[in-house]
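Working notes, beginning with the structure itself.
2 protein chains.
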Amino acid sequence: MIRLTLSDAHSLAQSILLHAGFSAAHATAVSATIVAGERDGCASHGLYRVLGCVSTLKAGKVVADAQPEVIDQAPSIVRVDAAGGFSQLAFQAGLPMLQNKARENGIAALAINRCVHFSALWVEIEQLAEAGFVALAFTPSHAWVAPAGGHQPVFGTNPVAFGWPRPGKHPYVFDFATSAIARGDIELHRRAGKTIPEGWGVDEQGQPSTDPNVVLDRGAMLTFGGHKGSALATMVELIAGPLIGDLTSAESLAHADGSKSSPYHGELLIALDPRRFLGAATDQHLARAETLFESIEGQGARLPSQRRFEARARSLEEGVQIPEALYHDLKALLA
Amino acid sequence: MIRLTLSDAHSLAQSILLHAGFSAAHATAVSATIVAGERDGCASHGLYRVLGCVSTLKAGKVVADAQPEVIDQAPSIVRVDAAGGFSQLAFQAGLPMLQNKARENGIAALAINRCVHFSALWVEIEQLAEAGFVALAFTPSHAWVAPAGGHQPVFGTNPVAFGWPRPGKHPYVFDFATSAIARGDIELHRRAGKTIPEGWGVDEQGQPSTDPNVVLDRGAMLTFGGHKGSALATMVELIAGPLIGDLTSAESLAHADGSKSSPYHGELLIALDPRRFLGAATDQHLARAETLFESIEGQGARLPSQRRFEARARSLEEGVQIPEALYHDLKALLA
Numbered sequence: 042m043i044r045l046t047l048s049d050a051h052s053l054a055q056s057i058l059l060h061a062g063f064s065a066a067h068a069t070a071v072s073a074t075i076v077a078g079e080r081d082g083c084a085s086h087g088l089y090r091v092l093g094c095v096s097t098l099k100a101g102k103v104v105a106d107a108q109p110e111v112i113d114q115a116p117s118i119v120r121v122d123a124a125g126g127f128s129q130l131a132f133q134a135g136l137p138m139l140q141n142k143a144r145e146n147g148i149a150a151l152a153i154n155r156c157v158h159f160s161a162l163w164v165e166i167e168q169l170a171e172a173g174f175v176a177l178a179f180t181p182s183h184a185w186v187a188p189a190g191g192h193q194p195v196f197g198t199n200p201v202a203f204g205w206p207r208p209g210k211h212p213y214v215f216d217f218a219t220s221a222i223a224r225g226d227i228e229l230h231r232r233a234g235k236t237i238p239e240g241w242g243v244d245e246q247g248q249p250s251t252d253p254n255v256v257l258d259r260g261a262m263l264t265f266g267g268h269k270g271s272a273l274a275t276m277v278e279l280i281a282g283p284l285i286g287d288l289t290s291a292e293s294l295a296h297a298d299g300s301k302s303s304p305y306h307g308e309l310l311i312a313l314d315p316r317r318f319l320g321a322a323t324d325q326h327l328a329r330a331e332t333l334f335e336s337i338e339g340q341g342a343r344l345p346s347q348r349r350f351e352a353r354a355r356s357l358e359e360g361v362q363i364p365e366a367l368y369h370d371l372k373a374l375l376a
Numbered sequence: 042m043i044r045l046t047l048s049d050a051h052s053l054a055q056s057i058l059l060h061a062g063f064s065a066a067h068a069t070a071v072s073a074t075i076v077a078g079e080r081d082g083c084a085s086h087g088l089y090r091v092l093g094c095v096s097t098l099k100a101g102k103v104v105a106d107a108q109p110e111v112i113d114q115a116p117s118i119v120r121v122d123a124a125g126g127f128s129q130l131a132f133q134a135g136l137p138m139l140q141n142k143a144r145e146n147g148i149a150a151l152a153i154n155r156c157v158h159f160s161a162l163w164v165e166i167e168q169l170a171e172a173g174f175v176a177l178a179f180t181p182s183h184a185w186v187a188p189a190g191g192h193q194p195v196f197g198t199n200p201v202a203f204g205w206p207r208p209g210k211h212p213y214v215f216d217f218a219t220s221a222i223a224r225g226d227i228e229l230h231r232r233a234g235k236t237i238p239e240g241w242g243v244d245e246q247g248q249p250s251t252d253p254n255v256v257l258d259r260g261a262m263l264t265f266g267g268h269k270g271s272a273l274a275t276m277v278e279l280i281a282g283p284l285i286g287d288l289t290s291a292e293s294l295a296h297a298d299g300s301k302s303s304p305y306h307g308e309l310l311i312a313l314d315p316r317r318f319l320g321a322a323t324d325q326h327l328a329r330a331e332t333l334f335e336s337i338e339g340q341g342a343r344l345p346s347q348r349r350f351e352a353r354a355r356s357l358e359e360g361v362q363i364p365e366a367l368y369h370d371l372k373a374l375l376a
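The listed protein sequences correspond, in order, to chains A and B. Numbers given in the numbering used here equal positions in the first sequence, counted from 1, plus 41. Numbers given in the numbering used here equal positions in the second sequence, counted from 1, plus 41.
Right, here's the structure in full:
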């Protein structure tokens, strides 16, 4: 393993993205979310993603110098046209207006359109929660997941993320795929020649399958939680697709046209300002939420993201460690 | 079984509620949602609930003539103080302002406070979707459900409901508990002396239990979908509790103080206006949503609520049927 300080990790990612041809603004914004993933122990959203950014650019599937355009769509809606660039810069561009609208009106939405998306949603949700907002985020991906009772892929892994501000503490944040498992986990089982647990996927007749080849190549992945997870995945398609005038997971997969590039579509964020709901009583009611968290942690259950926050504390002290092979693959991109 | 026309069913419910002492406005609003439940084949939210309304009033746990107060909280927030009455009239009172704010600003929230709640959320969601809005609803209940990894009840059955408008068709609507199963289903197993499937509940040490007595009396129910369902249940507590200045499921259960009355707390609804997101392209993007629905139904999978809509079509033709014993119990309340 190679150890890097967070600052070195950021410089490495940024220099590779610049060298590949991304604009300075994109290289900086993308590096920040990639280093956040690595820092928080989410290797699947960490430095390894730099390789995907470069290959997506080489495949002509992302605009290296896209200028996000911020549109004041309605009193409580901001729209950002990412113009074919990665989502991070578009989110940054829309964030101030989203916050202003939520502060002014109590609730507001940010629709990001035409972005290439690979970022974990918690990175964005955390920024909103740290700024005092309750926040939700949704995005489709590529159609890999069948609806409950079906056998053909319709949904993406369609994550749902939520954040709640906790004064003086890390916010309460969750961010989960509505698929039973990440596609990458099934890929890992395939490479290792292992079967997968029941519940992850079906064959082309809709029968449960434990063969990763069948699930990935001919059948489909499943949602978590049966028909309830399937309903949530449908909701994500609708509100982060047609509602914002952007692609569904099926349309995004068709757009990729066989390339391994990141999904291209939209994202919906919703921000709610507790101070507009609660006025002078805000602090008192946020304290009642702490009682709820205590009743969960007090019985030995964990809050989501705690593992991430623990990894973060370690990384801030010790830096991050990445496999030597990955380090060399990254360095090779600077040649 | 006794057969009733929908009109007779409504008159029966209404006359009982009036006789029990509810104001005409409450009797009419509550009867409408109860008959909607019976009509759609949801007996658990049907005429049987009239008994619970009357017993809740006799227990002093609902205000029979509460006047909901509508408060223009912020440009995109309506608040309705239900003043201790059932939720239905409060929802009705707040609905026009919610719709106006969503139409004007693109997204708006309705917070209902201090209501006694037993209504299915789809009744409300459907009204918003029929009026052209995308809608979400959340409410806590009584603390019966343990967090993932825990063994003590913290959450209610905490439903999440969603609606999407489909021009010329019934809207796409789902409404599900974030608990693995309704509490009533576990009660039915207890009465029948049957064990319950694994995954519905745990004992007081957090071990899986198939004994309904253990789960109901000493252990706790579980959420659907493991840690993901548990995260959603937490979100419902937060956004339909502290965010709107109202009780959590634990506080609501404490308020009931051993009585079997309906939960007393708040509800959060969010309405989004597709026309403010999409402008002139609205119809084109709603048509793309229909392609998504076709890709689900075309492979033999069902959309949520289809069973309800089928039951509704039958009930509109043939009326509803209720058990004779229930009919006599209801009639007895008019004596």
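No residue lacks a Cβ here, since even glycine has one placed at the ideal position from N, Cα and C. Quick caveat: nothing in here was measured; it's all calculated off a predicted structure.
Range covered by the beta strand (DSSP E) that runs through residue i
i              : result
V277 (chain B) : Per DSSP, V277 (chain B) belongs to no beta strand (DSSP E); it is in the alpha helix (DSSP H), 267 to 280.
W205 (chain B) : 201 to 205
E245 (chain A) : Run containing E245 (chain A): none; DSSP gives neither H nor E here.
R44 (chain B)  : 43 to 45
I363 (chain B) : 361 to 363
V214 (chain B) : 213 to 217
Test item: CB-CB of residue i and residue j under 8 Å
i              : j              : result
A189 (chain B) : V195 (chain B) : no
V71 (chain A)  : L59 (chain A)  : no
Y222 (chain A) : I118 (chain B) : The sequence shown places Ile at residue 222 (chain A), rather than the Tyr named in the question. Contact flag unset, no.
T289 (chain B) : G282 (chain B) : yes
D81 (chain A)  : R353 (chain A) : yes
A330 (chain B) : W205 (chain B) : yes
A134 (chain B) : R155 (chain B) : no
T180 (chain A) : E308 (chain A) : yes
L319 (chain B) : G286 (chain A) : yes
K102 (chain B) : V175 (chain B) : no
L88 (chain B)  : E79 (chain B)  : yes
T74 (chain B)  : Q129 (chain B) : yes
H183 (chain A) : V243 (chain A) : no
V214 (chain B) : S336 (chain B) : no
G62 (chain A)  : A131 (chain A) : no
E245 (chain A) : G260 (chain A) : yes
M42 (chain B)  : I311 (chain B) : no
I12 (chain B)  : D226 (chain B) : Since the first residue shown for chain B is 42 and the last is 376, residue 12 (chain B) is missing from the structure and cannot be characterised.
N146 (chain A) : P315 (chain B) : no
Chain A within 8 Å of residue i, Cβ atoms only
i              : result
G209 (chain B) : no
G225 (chain B) : no
L136 (chain B) : no
E145 (chain B) : yes
H67 (chain B)  : no
R317 (chain B) : yes
H268 (chain B) : yes
L313 (chain B) : yes
F217 (chain B) : yes
L263 (chain B) : no
First and last residue of the uninterrupted alpha helix (DSSP H) at residue i
i              : result
W241 (chain A) : Careful: W241 (chain A) lies outside any alpha helix (DSSP H) and carries neither H nor E.
G29 (chain B)  : Chain B is shown only over 42 to 376; residue 29 (chain B) falls outside these bounds and no answer can be derived.
I337 (chain A) : 323 to 338
Chain B contact for residue i (CB, 8 Å cutoff)
i              : result
I148 (chain A) : yes
G140 (chain A) : A small correction: the amino acid at residue 140 (chain A) is Gln; Gly does not occupy that position in the sequence shown. Chain B contact via Cβ: absent.
R343 (chain A) : yes
M276 (chain A) : yes
S336 (chain A) : yes
G260 (chain A) : no
A272 (chain A) : yes
Q340 (chain A) : yes
A123 (chain A) : no
L59 (chain A)  : no
If you measure beta-carbon to beta-carbon, which residues of the region 174 to 206 of chain A are closer than 7 Å to chain B? V175, P188, A189, G190, G191, H192, Q193, V195, F203, W205
Taking only runs that begin and end inside the region 70 to 120 of chain A, name each unbroken beta strand (DSSP E) of 3 or more residues, in chain order. 110 to 115
Every unbroken beta strand (DSSP E) within the region 118 to 180 of chain B, with a cutoff of 3 residues, ordered by chain: 118 to 122, 148 to 157, 175 to 179
Interface positions of the region 94 to 120 of chain B facing chain A (Cβ-Cβ less than 9 Å), listed along the chain: Q114, A115, P116, S117, I118, R120
If contact means a Cβ-Cβ distance below 7 Å, which residues of the region 319 to 330 of chain A contact chain B? L319, A322, H326, L327, R329, A330
Which residues, in order along the region 276 to 304 of chain B, keep a beta-carbon less than 7 Å from a beta-carbon of chain A? M276, E278, L279, I280, P283, L284, I285, G286, T289, A291
What residues from the region 149 to 162 of chain A come within 8 Å of chain B, judged by C-beta to C-beta, listed N to C? A149, A150, A152
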